[in-house]
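Residue numbers (mature numbering (1 follows the signal peptide of the UniProt record, and there is no 0)): -20 to -1, 1 to 245.
All residues carry an ideal CB built from backbone N, CA and C; glycine is no exception.
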Amino acid sequence: MQLFLCILLIESFVLSKTLSIIVVAGPKNRPMLKRSMRDLSEALKHLPRDLSVRNIFFIRGCQNCTFSDMDDVVTEFSSTFDISINVEELHFNPIEKDGTNFTDWVAEFYSATDLRNGNPRWKWDRYLKHMRINYYFLNGLLKALSDAKSDYFLFAEDDQTYNLHAFNGVLELTNRSKTRRCYSKIAYQGRRPKNVTKFTVPSAFGAFGTLRSREEALIFVRLLKFVNRSESEDTLAEFFCKASKGHVEVNHVSRHFGWDKKLPS
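Printed below as a string of C-alpha cells:
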C-alpha cells in the first residue's frame, strides 16, 4: 500500500506542469496594480492539481521612481506564498541601445507601420512606451527561462482581472494540441465568438495574459532580440504567427481593464 501511494505521488509530481509569472507594472493614477493582484492572489489559492507556480517576478516599469503599490504587493505576495512560490522583484536599467530612450528619429526609422504612414496613434510617446514594454518583458522572460524547471511562462500586466479558477484555464491551454500554435492567451481583447471563452484566433493584441511554453518562449526571445526596436512585442508576435501560418489559442479567464473608465469592483 505504501509503495502504491509513493508511485502515485511520484506520478503526480512528474506530470505536474510548472509555471513562472512575469508581472510588469508602473505607477498609475488609479490603484490598478493592487486591484489586479487582489484577483491574482485569490486565483493562486485555487491552483489545479496538475499545475504549480514556481516563480512570480515583479518588474518595476520605471527608473528610480516611487511606487508604493508595488512595494505593498511584493511584500504581501512574499508573505502569503513564502513557502510555495518564489516571489522576487526585479530591477532592470535600460541603456540607450535598448531602445527605451532614443531621440524621436528612431521611431520613424524603425517603426514598420503607424508612424511612417501618418497614423496619429503611433507617436513618439507611444513608441517609447512599447519599447519599454519590450525591454521589461524580454528581460523578465530571460530571467524566468533561467529556471530550468519552469515549463510555461505567463505575461501579466497591472490592469487585469482574473477568474477565481483562472489557472484551470491556463492548464487547459497547456493541454491543447501544439500543432501550429504560436502562443496562447488567457486575456483577449477584440472581437470573439459570442458567449464563448475557448477559441482560436489568427492574432491577439497586447502582452497581458500571454502564455508561452518553453519552446515558444525561446523562439519569441530570439525574435525580439533582433528586432526589438521595430514594433511592439505583440505586433512582432503577430507577424511571426502570420509568417509561420500559425494561430493563437485562447481561454478567456482574465480581462484587461486598462481602458475602462472605472476600476472593476
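Beta bridge counterpart(s) of tyrosine 132 as assigned by DSSP: Here residue 132 corresponds to residue number 152 of the sequence shown, with the count starting at 1. Among the bridge pairs identified by DSSP, tyrosine 132 is matched with Leu(-2) and Ser193.
Taking the alpha-carbon of valine 233 as reference, which of Leu191, Ser224, Val4 and Lys222 has the nearest alpha-carbon? Taking the sequence shown and counting its residues from 1, one reaches residue 233 at position 253. For valine 233, the nearest C-alpha among the options comes from Leu191.
Tell me the start and end of each unbroken alpha helix (DSSP H) in the stretch 124 to 175 that is at least 4 residues and wholly inside, in chain order. 146 to 154
Compute the Euclidean distance between the alpha carbons of valine 150 and glutamine 169, then round it to the nearest angstrom. In the sequence shown, the residue the question calls residue 150 occupies position 170. In the sequence shown, the residue the question calls residue 169 occupies position 189. If I take the Cα positions, the gap works out to 17 Å.
Are the stretch 172 to 183 and the stretch 212 to 232 touching by the rule of at least three beta carbon pairs closer than 8 Å? yes
Looking only at its own chain, which residues have a Cβ that is under 8 Å from the Cβ of arginine 172, when we skip the five neighbours before and after it? Residue mapping note: residue 172 aligns to position 192 of the sequence shown, counting from 1. Within the same chain, arginine 172 has close Cβ partners Phe179, Val181, Val230 and His232.
Taking just the CA atoms, how far does phenylalanine 147 sit from leucine 24? Counting from one through the sequence shown, the residue named residue 24 turns up at place 44. Counting from one through the sequence shown, the residue named residue 147 turns up at place 167. Answer to the nearest angstrom: the Cα atoms are 8 Å apart.
What do you reckon, are the CB atoms on leucine 243 and methionine 12 nearer than 8 Å? Mapped onto the sequence shown, residue 243 falls at position 263. Mapped onto the sequence shown, residue 12 falls at position 32. Yes, these two residues count as a Cβ contact at 8 Å.
Going by DSSP in three states, isoleucine 75 sits in which element: helix, strand or coil? In the sequence shown, residue 75 corresponds to position 95, counting from 1. Reduced to three states, the DSSP call for isoleucine 75 is coil.
If you follow the alpha helix (DSSP H) that serine 16 is in, where does it begin and where does it stop? The residue you call residue 16 lines up with position 36 of the sequence shown. Per DSSP, serine 16 belongs to the alpha helix (DSSP H) from 12 to 24.
Look at the alpha carbon of glutamate 56 and the alpha carbon of alanine 223, and state the distance between them as a whole number of angstroms. If you number the sequence shown from 1, residue 56 lands on position 76. If you number the sequence shown from 1, residue 223 lands on position 243. For glutamate 56 and alanine 223, the distance between alpha carbons rounds to 43 Å.
Within the continuous beta strand (DSSP E) that includes residue 248, where are the two ends? Residue numbering for the chain in the displayed model covers -20 to 245; residue 248 lies beyond these limits and cannot be assessed.
Rounded to whole angstroms, what's the CA-CA distance from threonine 141 to phenylalanine 206? Just pull it up for me. Counting from one through the sequence shown, the residue named residue 141 turns up at place 161. Counting from one through the sequence shown, the residue named residue 206 turns up at place 226. Separation of threonine 141 and phenylalanine 206 (C-alpha to C-alpha, rounded to the nearest whole angstrom) is 32 Å.
State the beta-bridge partners of asparagine 35 as determined by DSSP. Here residue 35 corresponds to residue number 55 of the sequence shown, with the count starting at 1. In DSSP, asparagine 35 forms a bridge with Ser(-1) and Asn66.
Hey, could you find the ends of the alpha helix (DSSP H) glutamate 211 is sitting in? Along the sequence shown, one-based indexing puts residue 211 at 231. Run containing glutamate 211: none; DSSP gives neither H nor E here.
Going by C-alpha to C-alpha distance, which of Asp30, Arg112, Ala124 and Asp19 sits closest to glutamate 69? Within the sequence shown, residue 69 is the residue found at index 89, counting from 1. Checked all of Asp30, Arg112, Ala124 and Asp19; the closest Cα to glutamate 69 is Ala124.
Between the CA atoms of glutamate 196 and glycine 189 - distance to the nearest angstrom: Here the question's residue 189 lines up with position 209 in the sequence shown. Here the question's residue 196 lines up with position 216 in the sequence shown. Their Cα atoms are separated by approximately 15 Å.
Here's a check: name, in chain order, each residue in its chain whose Cβ is nearer than 7 Å to the Cβ of glycine 120, leaving out the five neighbours to either side. Counted from its first residue, the sequence shown places residue 120 at position 140. Hits under 7 Å: Ile2, Val4, Phe37, Ile39 and Leu70.
Go ahead and pull the three-state DSSP assignment for arginine 202. Translated into the one-based positions of the sequence shown, residue 202 becomes position 222. Residue state, collapsed to three classes: helix.
Could you check what DSSP says for alanine 223 in three-state terms: helix, strand or coil? In the sequence shown, residue 223 corresponds to position 243, counting from 1. In the structure shown, alanine 223 sits in a helix (DSSP, three-state: H, G or I).
Can you look up arginine 29 in the DSSP assignment and give me helix, strand or coil? Within the sequence shown, the letter at position 49 stands for residue 29. Here arginine 29 sits in coil by DSSP.
Among all the DSSP beta bridges, which residues are the ones paired with arginine 235? One-based indexing of the sequence shown puts residue 235 at position 255. As a beta-bridge residue in DSSP terms, arginine 235 pairs with Thr141.
Same chain only: Cβ atoms within 7 Å of aspartate 49, ignoring 5 sequence neighbours per side: Indexing the sequence shown from 1 puts residue 49 at position 69. For aspartate 49, where only same-chain residues beyond five positions count, the Cβ hits under 7 Å are Pro11, Leu13 and Lys14.
By how many angstroms is the C-alpha of valine 53 removed from the C-alpha of cysteine 42? Here the question's residue 42 lines up with position 62 in the sequence shown. Here the question's residue 53 lines up with position 73 in the sequence shown. Computed Cα separation, rounded: 16 Å.
Among all the DSSP beta bridges, which residues are the ones paired with alanine 5? Taking the sequence shown and counting its residues from 1, one reaches residue 5 at position 25. Arg40, per the DSSP bridge assignment.
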